[in-house]
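Okay, structure first, notes after.
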Amino acid sequence: MAGIVRIPWWQWTPFHAWRIVGFVEAADEVPDRLPAKGAVLVGSIQHPKWLAFDCPCQTGHRVMVSLDPQHNPHWIILKTKLLSVAPSIDYRAAERRCHYFIRRGRIIWADDVIGDDYG
Ligand SMILES: [Zn+2]
Numbered sequence: 306m307a308g309i310v311r312i313p314w315w316q317w318t319p320f321h322a323w324r325i326v327g328f329v330e331a332a333d334e335v336p337d338r339l340p341a342k343g344a345v346l347v348g349s350i351q352h353p354k355w356l357a358f359d360c361p362c363q364t365g366h367r368v369m370v371s372l373d374p375q376h377n378p379h380w381i382i383l384k385t386k387l388l389s390v391a392p393s394i395d396y397r398a399a400e401r402r403c404h405y406f407i408r409r410g411r412i413i414w415a416d417d418v419i420g421d422d423y424g
């Protein structure tokens, strides 16, 4: 057996699934560094405002989507432990597009589902 590995509390979850690792009051309180597959919810479960996380494309950019039903578009968290978010995340910037679903803690890239949809 290998030596004992210390695992932070937020990794005590099976499959290393995407999940919510914390809550903050305001968007500017989201930490610069987040654990792998960890999302931070701004607001509360009852009154969610934003969901912030590092994009799974691993180029190091942050994604922040509105959970406020007054905003258009906005997203809905279906599950918090095995994180599920609807609809898909579609991040567009000049140099890249990151389009994927977060379902039951996993990332499903849209081009795996939809096919050649990039035009
Ligand atoms: Zn990305």
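Per this note's numbering, the sequence shown runs over residues 306 to 424.
Glycine included, C-beta positions come from ideal geometry on N, C-alpha and C.
> Using the C-alpha atoms, what's the distance from residue 414 back to residue 359?
Replying inline: 15 Å
> Excluding the five sequence neighbours on either side, which residues of its own chain have a C-beta within less than 8 Å of the C-beta of residue 330, listed in chain order?
Replying inline: 347, 348
> Nearest to residue 397 by CA position, among 362, 333, 352, 334, is which residue?
Replying inline: 362
> How close, in whole Å, do the beta carbons of residue 321 and residue 354 come, if the pair is a contact with beta carbons under 8 Å?
Replying inline: About 26 Å separates the two Cβ atoms, so there is no contact after all.
> Going by C-alpha distance, which of 393, 335, 368, 328 is nearest residue 383?
Replying inline: 393
> Relative to the C-alpha of residue 375, which residue among 391, 352, 369, 323 is closest?
Replying inline: 352
> Quick one: is the Cβ of residue 397 within less than 7 Å of any heavy atom of ligand 1?
Replying inline: no
> Could you name the residues, in chain order, whose CB is less than 5 Å away from a heavy atom belonging to ligand 1?
Replying inline: Near ligand 1, meaning a beta-carbon closer than 5 Å to one of its heavy atoms, we find 360, 362, 403.
> From residue 377 to residue 369, what does the alpha carbon distance come to, in whole angstroms?
Replying inline: 14 Å
>> For residue 327 and residue 364, what's the separation of their Cα atoms in angstroms?
In response: Looking at the two C-alpha atoms, the distance is approximately 22 Å.
>> I'd like to confirm the pairing. Which residues does DSSP put opposite residue 350 in its beta bridges?
In response: For residue 350, which the question treats as bridged, DSSP gives no partner whatsoever.
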